[in-house]
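Numbering (our numbering), first residue to last: 33 to 191.
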Amino acid sequence: MSKGKIIVQLHNFSSINICTDFIQTASAIGAKEIVFSQASGRGASAGIPMGQKEAINRKVNFFVFQDIKDTIELLKPDEIYLFIRKPFSKENFSPEKIAESYKQGKTILLVFGGSKPGLSKKDLELGTSVYFEGLNELSLIGELTLSLYLIRKEIEKSG
């Protein structure tokens with residue numbers, strides 16, 4: 033059984049701190065490929081260079097693209113999951129489903145919006161929008177942490 037790849041993406045953000053927090057959290061839980069896209073303001077001018085430095089220090093691959101479509105075109109994920117609150121999402125987050133795809137050798141892209149509401153209607157058309165049942169107001173870092181942790185536990189559980 034071949035291992036797949038999980039890519040995490042921070043999309044549509046302007047905060048400097050979210051850049052390093054996102055990379056620190058994602059890499060601590062095992063992410064090896066991190067993408068930033070649609071950065072604006074201080075997030076673009078100062079946050080991306082800080083994020084790049086953090087990524088180098090943590091030995092993760094770091095990409096900066098204009099949009100989610102660029103990530104899809106260049107990194108070619110097999111499955112795309114976009115995290116957003118329940119009224120805008122299609123299904124409950126299933127770490128079991130993602131872990132199974134990972135075990136089948138698939139590349140999975142997890143996209144997190146950096147600003148409220150985070151992702152546009154057009155963005156949501158690019159993949160499967162998911163939410164956390166009963167946890168509708170999680171922060172971005174909360175969603176990132178919980179999703180990666182649960183996926184990792186599912187992968188470890190079934191070998």
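Yeah, the Cβ is synthetic: ideal placement off N, Cα and C, and Gly gets one too.
Best match in the options for proximity to residue i [C-alpha to C-alpha]
i	options	result
Asp-110	Gly-145, Val-92, Thr-139	Thr-139
Leu-193	Glu-165, Phe-115, Glu-188, Met-82	Limits of the chain in this structure are 33 at one end and 191 at the other, which puts residue 193 out of reach.
Phe-120	Val-40, Met-82, Lys-148	Lys-148
Asn-89	Phe-95, Gln-56, Leu-167	Gln-56
Pro-127	Thr-177, Ile-48, Lys-101, His-43	Thr-177
For residue j and residue i, the rounded distance between their alpha carbons
i	j	result
Glu-86	Phe-54	10 Å
Leu-106	Ala-78	25 Å
Ser-152	Lys-118	14 Å
Residues of its chain near residue i, where Cβ-Cβ distance is below 6 Å and the 5 sequence neighbours each way are ignored
i	result
Ala-60	none
Ile-50	Gly-146
Gly-62	Arg-184
Met-33	Caution is warranted here: a pLDDT of 40 is assigned to Met-33, below 50, making its placement in the model unreliable, and the coordinate value is therefore given only provisionally. The residues are Lys-135.
Residue i vs residue j beta-carbon contact at 8 Å
i	j	result
Ser-72	Ser-46	yes
Lys-129	Val-92	no
Ile-38	Tyr-181	no
Phe-164	Leu-172	no
Ile-112	Val-67	no
Cβ neighbours of residue i in the same chain (closer than 7 Å, five flanking residues each side left out)
i	result
Glu-123	Thr-160, Val-162
Asp-99	Ser-69, Gln-70
Phe-95	Val-67
Residue i: CB within 7 Å of a non-hydrogen atom of the ligand HEM
i	result
Thr-160	In the structure on display, the ligand HEM does not appear, and there are no ligands present to speak of.
Other residues of its chain near residue i: CB distance less than 8 Å, five sequence neighbours each side excluded
i	result
Phe-97	Val-67, Phe-68, Ser-69, Thr-103, Leu-106
What residue ranges within the region 115–175 form continuous alpha helix (DSSP H) runs of no fewer than 4 residues, ordered along the chain?
Annotation note: the region 115–175 contains the following uninterrupted alpha helix (DSSP H) runs of length 4 or greater, listed N- to C-terminal: 127–135, 153–156.
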